[in-house]
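Numbering (our numbering), first residue to last: 10 to 200. Written below as structure tokens is the structure these notes are about.
Here you go:
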């Protein structure tokens, strides 16, 4: 079902999908900027419209990011090639693994395994047994952002949480980590 709300003279069109098993209402912004709302089948349209209106600043911000962001990026630069061939595990191994090796040597920290996934929610992760997983979507980012993610995940080998000690340790290797972190947060993960 397609619905519309108005917020600060801006129209937000959204598709409502009702599902019986949902406990909460969810909003997702697709890569093309389309808004999808999933809610329990018993929630009224009025309640849903009010919910969307409350989230309107966030929705408009995310849509603006999508509108302004060129999703055909490779290593932070606009690219006209087939993205499916470029954003691959093979290329991730060829480009990102040497950066991992470089930072392992600098930080003197070595993961038990480095793997690559096409993840929709995380740039990277480090498990309790020091297995690092990196998102192949990192290939869209500039090298400085890729290195921030690598350093962040390697730091989790030493500090398993985001404590003050963790951030001090990251800063030891990347004094500008806050700038890199901010740049990374402005980029939305897409597949």
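Note that beta-carbon positions come from the ideal geometry of N, C-alpha and C, so glycine has one too.
Please state whether DSSP places residue i in a helix, a strand or coil.
i	result
residue 184	coil
residue 107	helix
residue 12	strand
residue 84	coil
residue 73	helix
residue 22	strand
residue 102	helix
residue 30	coil
Return the CA-CA distance between residue i and residue j, expressed in angstroms with no decimal places.
i	j	result
residue 13	residue 54	11 Å
residue 146	residue 19	32 Å
residue 48	residue 26	6 Å
residue 136	residue 91	32 Å
residue 180	residue 73	31 Å
residue 44	residue 117	45 Å
residue 154	residue 94	21 Å
residue 174	residue 164	10 Å
residue 185	residue 50	47 Å
residue 71	residue 63	14 Å
residue 82	residue 192	15 Å
residue 36	residue 141	30 Å
residue 46	residue 39	11 Å
residue 100	residue 87	17 Å
Under 8 Å by Cβ, that's how I've got residue i and residue j pegged, so tell me the actual separation to the nearest angstrom.
i	j	result
residue 133	residue 161	7 Å
residue 183	residue 84	18 Å between Cβ atoms; not a contact.
residue 24	residue 41	Contact doesn't hold; Cβ gap of about 12 Å is too wide.
Starting from the N-terminal side, write out each stretch of the alpha helix (DSSP H) that is 4 residues or longer and does not extend beyond the stretch 118–190.
Unbroken alpha helix (DSSP H) stretches of 4 residues or longer found wholly inside the stretch 118–190: 152–167, 173–182, given in chain order.
Please confirm if the stretch 122–135 is in contact with the stretch 50–67, defined as three or more CB-CB distances below 8 Å between the two stretches.
no
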